[in-house]
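Just so you know, we're using my numbering here: the sequence shown kicks off at 6 and counts up by one. The structure appears right after this line, and notes come after that.
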Amino acid sequence: MSQKFQEIIDSERPVLIDFFATWCQPCKVQSSVLNTVKENIGEGARIIKVDVDQYPALAAQYGVRGVPTLAIFKNGEMLWKESGVHDVNTLTQLLQQYS
């Protein structure tokens, strides 16, 4: 996964990573928010979900201590990271800002 992950975040268009867990209730809320963000942003950015229970090393590598944690990458660089549930407008604006 880590090589594939590296290829994904090396993209020139922004990539929003949703670090989540299947047992996490707020993660389910965040997931539905991200569906709307995807509709808003279209091809302007990618949204990828990473299950922290399946990929604990990846979560640790990026300092994920709680779920959901969202991070935005572009050209392999982390531009923004925050834990907690975020609303559609905030995430849409962030992704547009980094496009």
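Idealized CB from N, CA, C, for every residue including glycine. Just so it is clear, the structure is predicted and the values come from calculations on it, not from any experiment.
query                                                                                       : result
Closest residue to Gly68 among Ser88, Pro31 and Asn80 (Cα-Cα distance)                      : Ser88
Closest Cα partner of Gln30 within the set Pro73, Asn80 and Lys79                           : Pro73
Burial state of Gln59 (16 or more Cβ within 10 Å)                                           : exposed
Pairwise C-alpha distance: Ser104 and Glu17                                                 : 9 Å
Own chain residues within Cβ distance below 6 Å of Ala64, not counting five before or after : Phe24 and Val57
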